[in-house]
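>
Residue numbers (my numbering): -14 to 582.
1. Does the region 367 to 376 come into contact with the region 544 to 557, if we say contact requires no fewer than three beta-carbon pairs (one atom in each stretch) closer than 8 Å?
2. Between the beta-carbon of residue -13 and the beta-carbon of residue 119, is there less than 8 Å?
3. Use the C-beta contact count for residue 507: other C-beta atoms within 10 angstroms, 16 or more gives buried, fewer gives exposed.
4. Identify whether residue 420 lies in helix, strand or coil by the three-state DSSP scheme.
5. Using the three-state DSSP reduction, which class does residue 412 fall into: helix, strand or coil?
6. What is the residue span of the alpha helix (DSSP H) that residue 11 lies within?
7. Taking 8 Å as the threshold (C-beta atoms), are residue 389 and residue 339 in contact?
8. Give the DSSP-derived three-state secondary structure of residue 379 in the structure shown.
9. Nearest-angstrom Cα distance between residue 539 and residue 337?
10. Can you check whether the CB of residue 523 is closer than 8 Å to the CB of residue 458?
11. Hey, could you find the ends of the beta strand (DSSP E) residue 346 is sitting in?
12. Quick check on this structure: which residue in 408, 90, 488, 256 has the alpha carbon closest to the alpha carbon of residue 424?
13. Among the candidates 473, 343, 451, 445, whose CA atom is the shortest distance from the CA of residue 409?
14. Using a Cβ-Cβ cutoff of less than 6 Å, which residues in the same chain neighbour residue 366 once the five nearest sequence positions on both sides are dropped?
15. Would you kindly check if the distance between the Cβ of residue 288 and the Cβ of residue 156 is under 8 Å?
16. Give the range of the alpha helix (DSSP H) segment to which residue 368 is assigned.
17. From residue 360 to residue 573, what distance separates their C-alpha atoms?
18. Which residue comes first and which comes last in the alpha helix (DSSP H) that contains residue 491?
19. Just verifying my parser: in three-state terms, what is the DSSP assignment at residue 327?
20. Could you give the distance in angstroms between the alpha-carbon of residue 187 and the alpha-carbon of residue 304?
21. Give the straight-line distance between the Cα atoms of residue 5 and residue 445, rounded to the nearest whole angstrom.
22. Any heavy atom of the ligand SAH closer than 7 Å to the CB of residue 452?
23. In three-state terms, what does DSSP make of residue 552?
24. Could you give the residue range of the alpha helix (DSSP H) that holds residue -6?
25. Would residue 576 pass as an interface residue toward chain B - the criterion being a Cβ-Cβ separation below 8 Å?
26. Identify whether residue 531 lies in helix, strand or coil by the three-state DSSP scheme.
27. Mapping DSSP to helix, strand and coil, what is residue 406?
28. Going by alpha carbons, who is nearest to residue 204 out of 144, 113, 123?
29. Report the option in 379, 357, 542, 401 whose CA atom is closest to the CA atom of residue 363.
30. Residue range of the beta strand (DSSP E) that residue 506 falls in?
31. Can you look up residue 559 in the DSSP assignment and give me helix, strand or coil?
32. So, does the region 467 to 485 touch the region 414 to 428, judging by three or more C-beta pairs under 8 Å?
33. Helix or strand or just coil, what does DSSP make of residue 566?
34. With 16 other CB atoms within 10 Å as the buried threshold, where does residue 224 fall?
35. Applying the criterion that 16 or more other CB atoms from any shown protein chain within 10 Å of the CB defines a buried residue, is residue 468 buried or exposed?
36. Could you check which residue in 67, 422, 537 has the C-alpha nearest to that of residue 503?
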């Protein structure tokens, strides 16, 4: 458990650690308030039983006596009002302390979730190829909450309630130390026994619940992304069943967690009741004084009634901390291995100088865990202002080559030279020269303008750049037809736009920051012939203005390129113009024949 707490405290945001001192101070204040309020019960009960006994308490007795001018009944009234005010003030302060503690916890959840998400977005691109998206969702949304609302908040609760119990025990020791020690041994032993039995199981259940939650999210995502196929093939039941299995497993652990949350309370209440009955019997038989019995029993009764929820919260907090071991270790390891915030700078770096050419020099690459080379000795030069088409069969390495060009993957050998300068030594600067158009354009449920200038606020959008991007992407006719122009909402995933319009929005987005190099990765693969011609027309209009690199299965898309390379099994098997390759390269001639270009 201490290892979980240590890692949780390490994950706590540095800027918030000063607030942690305030939280620690608030814990002490809570303990003192709880102890003092309960301690006041003993003289109050004694005064009720024997009004003159208030004088036995030096400071309190003198103060009450002076206020009441020696009248015992008036003194009792003053004491009653004072205790009532004390409890009201104490509870208001405790509520404010709890608010501060919860706010401290939620601030840390927000900070660590943002930090982890930022690290994922800027982390190695290969990570996204090797891991499931559900892992990232699980960690950012669920595990981060488990770390702080679970482990950290429970640790604060644990310390607070332990100190409250310690304060109450000190008060009880002053009144009757024999009974206090006996009760402490019994209660402490019962709590220890409870955790001896369940500690290991709690760790296992915590890990299994997190895995079941991840499987549930994965099944839900798969079903939502396959809604068309599911409906056409009448396979809805398959996805429902796929969700039902992990969801049932998750609910099983939810039941276990709730049962474990209730079990300590019932266990402790039983032990406390038996201990309290034994204490009353001891006072009645051994001490024999009715006044003493009433006073001590009242104090111990109130103290124990206050300690029961504290003990429940202590046991519950230990349960939660133990249960949070797996998510804490997961987030701790992620934060330790992913790039630190200071290494993620460079988003505003100046674009790399590009005046002459891009040289792909002796490039080699293999994916981690793969024995085969994905790319071998790729050597191509792309003069500025020209267009390069990359074609080849599926699995030839086309997308991998483009991912390296974009700086998303790092080659095992060779490099990318831009005017003789290694692009990987100034990666952010190189990426400032790049515009990228993927096969599927992601559109947010926002305005057309915000989708083109993705990630920028209204005051950051340059209207001149926006209009230039729209014009160069041949999107101006679409904008003119929209009711609110660039301020028109495009719908979730651009549902209010056609496929060709969405693709042109992607081109406009890539062109918005005026890159020198435009990379299109199967940008027309899913379009019909007429829409493809429209997109090709938009691309051709950029000829000479931009250096264009196109990956395509459709040869009609690259027919107008200045130069083509054919990739086959990770190697360049041919290079030249469309017409020259058709005459000299059998592989390309076969592709042309099949495509009927």
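Idealized CB from N, CA, C, for every residue including glycine.
Considering the structure as presented:
1. The region 367 to 376, when compared against the region 544 to 557, does touch it at the 8 Å Cβ threshold.
2. no
3. buried
4. strand
5. If DSSP states are grouped into helix, strand and coil, residue 412 belongs with the helices.
6. 2 to 24
7. no
8. coil
9. One C-alpha to the other measures close to 32 Å.
10. yes
11. Taken as a continuous stretch (DSSP letters only), the beta strand (DSSP E) holding residue 346 covers 342 to 350.
12. 488
13. 343
14. Excluding sequence neighbours, residue 366 sits near 342, 344.
15. yes
16. First-last for residue 368: 360 to 368, but that is the beta strand (DSSP E), not the alpha helix (DSSP H).
17. 19 Å
18. 484 to 496
19. Its pLDDT being 42, under 50, residue 327 is placed unreliably in this model, and the value from its coordinates should be taken loosely. Helix at residue 327.
20. 7 Å
21. Answer to the nearest angstrom: the Cα atoms are 37 Å apart.
22. The ligand SAH is not part of this structure, which contains no ligands at all.
23. strand
24. -13 to -4
25. No chain B appears in this structure, which consists of one protein chain only.
26. DSSP places residue 531 in strand when its eight states are reduced to three.
27. strand
28. The residue with the shortest Cα to Cα distance from residue 204 is 123.
29. 401
30. Residue 506 -> beta strand (DSSP E) spans 502 to 506.
31. DSSP places residue 559 in strand when its eight states are reduced to three.
32. yes
33. helix
34. buried
35. exposed
36. 422
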